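Visitor:
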Amino acid sequence: MLCEGKLKMGKNVFMTILRVVFVLPVVNAARPHIIFILADDMGWNDFSFHGSDEIQTPNIDALAYSGVILNQHYTQPICTPTRSALMTGRYPSNIGMQGSPLSAGEPRALPRGKILPQYFKDLGYTTRIVGKWHLGYYKKEFTPTHRGFDSFLGYLNGFTSYYDHINQESASGVVMEGLDFRRNSSAAWDLSGRYATDIFTEEAARIIREHNPSIPLFLYLAHLASHAGNAGKLLEAPQESVDMFSHIVEPNRRTYAAMVSKLDESVGRIVGALWTKGMLENSIIVFTSDNGAPSVDVVGYQNWGSNYPLRGLKTTQWEGGIRTPAVVWSPVLGRRVSDQLMHVTDWLPTLISAAGGTLQGVPLDGVDQWSALLEDTVSPRTEVLLQYDEVKGLYAARREDWKITNGSNYGGEADDYYGHSGTDFANPPYNLTAVAHSVAGEAIASLLPSAIPDEEEMLLMRAESTVTCALQADRTPCKPSTTPNPCLFDVAVDPCETNNLALRHPEVLQEMLDLVSKYKATLIHQLNKPVDVNGSDPRKFNNTWSPWVDS
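Below, the structure written as structure tokens:
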């Protein structure tokens, strides 16, 4: 198996890049503002910095080419487990949050204990959340403003509709629906009819605009985009945005592209707002997705995203389900493509470290990667538990370049290769000028004129972050839906997981099984509970989804 698109940048290029860092102005010694932007269900191939020309994302690309592209960044296969890992720095299976995501009306929540915004509060931060929560709300104590956030504008469940902000839940043959949009603890009926991505962008920009820069800010912007909405109107976007993608023939993919474009605009506006407020020079910006895309309708809530060329869909532990696009930007970081192994649990210790905090004695699965990011050194993480779902019999882990995976969802229907390649001849040529002159690009260049690379270097970084795979004639396929035996891959040379090496390397397979056993020993059984149809029905709360146990 060959990874043809994995070009290596020469040492002279890296030295040039590193020299850029040394001539940057010294930033304020105050704690940095931290903005964490989390997309929802976006595929590996839905960002143009990964090589596709189909959906061009100039603002995200500008952030990527002037920051660190994290090409080996992993999350969990689905929403709630990823957000649990982000907020706690723990593997979901160590806190009982693995497996299925929270359903609307389910009396379950992220367990009590200190979470990310509370650590930031200890360091003097103002903490804001805009967008998706999805970590439980059956009691008020589990809602965002009771878990360390100073304010909340968004929705509590796994998704809502883009315009009417209604969430539908079907449980035990009963369909419940209600408004899922609120300011802090109050329903935000007045925002109905407005596009959710725009609402969240405007709220985040307002927070920045009105913020006192002398106080450090932690802003968690968890977008709805590009998650699908309710049945009958899965994908929604302004028509003028849809019209920008006339080169995409498939109408659902065209609407999806418009949703991604609106998200890209959002990133640009946030970066621009930070520049205008004078906060960009002392900011860290993270952009990633919570999991891969549900490209086809085998997992529900299909959004027509693309994980190409990676294998699998959202909900799976294949690379397409858990290896997510990720970028971290700061004026103190040298621009590059990084292959350091990183997991969503790492962000809590990494960002707290960047903010000058310490977590000595705190039980974490996440690894502090700030020094490695800052100094461009080898990742301190050498292994990661990618999933352990004891109910469905699924597990996956990685140690260095080896990955073990066992089990299958949906009878193997989600185990294949899905999504557009983005290489269709009808696609417009990649617009490097649009990247440099995007809102984000111009804001970054205004702060640091040498931060945005020239077109040649952009193309080099793009090539290095692009994954393309070629098949070997003697490959051994892995079909976990038809065999109970685990599969083994060398994902450094086989990122598309086409060649099962379990029989060729039995000693490595045993080592990986021992690794999984180590993680199994600390597992806490899933906390999932049936939906409380009677108690949580929105009709009891003025047709809104609300805490119901103590209301």
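Numbering-wise (full-length UniProt numbering), the sequence shown opens with residue 1 and increments by one.
Backbone N, C-alpha and C define an ideal beta-carbon position, used for all residues, glycine too.
Every value quoted in this text rests on a predicted model; they were computed, and no experiment measured them.
1. Relative to the alpha-carbon of I444, which residue among E54, W44 and S66 has its alpha-carbon at the smallest distance?
2. According to DSSP, which residues form a beta bridge with W548?
3. Measure the alpha-carbon distance for S93 versus R108 and round it to whole angstroms.
4. Nearest to V493 by alpha carbon, out of G89, S192, E400 and S172?
5. Could you tell me if R254 is buried or exposed, where buried requires 16 or more neighbouring beta carbons within 10 angstroms of its beta carbon?
6. I need the boundaries of the beta strand (DSSP E) containing S536, first residue and last residue.
7. Rounded to the nearest angstrom, what separates I248 and V267 at their Cα positions?
8. Does the count of Cβ pairs from the stretch 53 to 66 and the stretch 442 to 457 closer than 8 Å reach three?
9. Could you pull out every residue in the same chain whose Cβ sits closer than 7 Å to the Cβ of S438, ignoring the five residues on either side in sequence?
10. Please look up how many angstroms separate the CB atoms of P486 and T405, rounded, as I've assumed it's under 8 Å.
11. Taking only runs that begin and end inside the stretch 67 to 135, name each unbroken beta strand (DSSP E) of 3 or more residues, in chain order.
12. If we count the other Cβ atoms within 10 Å of its Cβ and call it buried at 16 or more, is L503 buried or exposed?
13. Apart from the five residues on each side of it in sequence, which residues of its chain come closer than 7 Å, Cβ to Cβ, to A414?
14. Tell me where the beta strand (DSSP E) around R147 begins and ends.
15. Are the CB atoms of D290 and D40 nearer to each other than 8 Å?
16. Could you tell me the boundaries of the alpha helix (DSSP H) in which F287 lies?
17. Taking only three categories from DSSP, how would you classify V23?
18. Let's see if you can read the secondary structure: which residues bound the beta strand (DSSP E) around V516?
19. Roughly how many whole angstroms lie between the Cα atoms of T482 and S295?
20. Does DSSP classify T483 as helix, strand or coil?
21. Using alpha carbons as the reference points, say which of T324, L224, M87 and E106 lies closest to L153.
22. Would you mind working out which of Y162, D243, S338 and Y395 sits nearest K520, comparing C-alpha positions?
23. Can you tell which of G173, L373, D150 and L116 has the C-alpha that lies nearest to the C-alpha of V362?
24. Can you find the residues in the same chain that come closer than 6 Å, C-beta to C-beta, to G535, ignoring five residues on each side of it along the sequence?
25. Among the candidates L234, V286, K140 and D264, whose CA atom is the shortest distance from the CA of N303?
26. Measuring only the C-alpha atoms, how far is E319 from G407?
27. Which two residues bound the contiguous alpha helix (DSSP H) that contains N543?
28. Indicate whether at least one CB of chain C lies closer than 8 Å to the CB of A521.
29. Would you mind giving the Cβ-Cβ distance between G105 and S161, rounded to the nearest angstrom? I have them listed as a contact below 8 Å.
30. Between the C-alpha atoms of G272 and R206, what's the straight-line distance to the nearest angstrom?
31. Which same chain residues end up closer than 7 Å to G321 when comparing Cβ atoms and leaving out the 5 residues on each side of it in sequence?
32. Mind checking W545: buried by the 16 CB within 10 Å criterion, or exposed?
33. From the DSSP output, in three-state form, read off R206 for me.
34. Quick one: Cα of P238 to Cα of P213, how far?
35. So, for T377: in the same chain, excluding its five sequence neighbours on each side, which residues have a beta-carbon less than 8 Å away from its beta-carbon?
36. Shortest alpha-carbon distance to residue 555 belongs to which of I95, Q72 and D416?
Guide: Short version:
1. S66
2. DSSP lists no partner for W548.
3. 15 Å
4. E400
5. buried
6. Looking at the DSSP string, S536 is not in any beta strand (DSSP E); the run it does join, the alpha helix (DSSP H), is V533 to S536.
7. 23 Å
8. yes
9. P58, N59, A62 and G268
10. 7 Å
11. 68 to 70 and 126 to 132
12. exposed
13. V298, V299, G312, L313, T315 and T316
14. First-last for R147: undefined, no H or E at that position.
15. yes
16. That residue, F287, is in no alpha helix (DSSP H); its beta strand (DSSP E) goes S283 to S289.
17. With a pLDDT of only 31 at V23, under 50, the local geometry of the prediction cannot be trusted, and the value read off the model is given with reservation. Coil, per DSSP.
18. Looking at the DSSP string, V516 is not in any beta strand (DSSP E); the run it does join, the alpha helix (DSSP H), is P506 to K520.
19. 23 Å
20. coil
21. L224
22. Y395
23. L116
24. W548
25. L234
26. 14 Å
27. Counting along the chain, N543 falls outside any alpha helix (DSSP H), and DSSP gives it neither H nor E.
28. In the structure shown, chain C does not exist; there is a single protein chain.
29. So it is not a contact: roughly 17 Å between Cβ atoms.
30. 12 Å
31. P77, N291, G292, G312, L313, K314 and T315
32. buried
33. helix
34. 34 Å
35. S371
36. The chain is shown only over 1 to 551; residue 555 falls outside these bounds and no answer can be derived.
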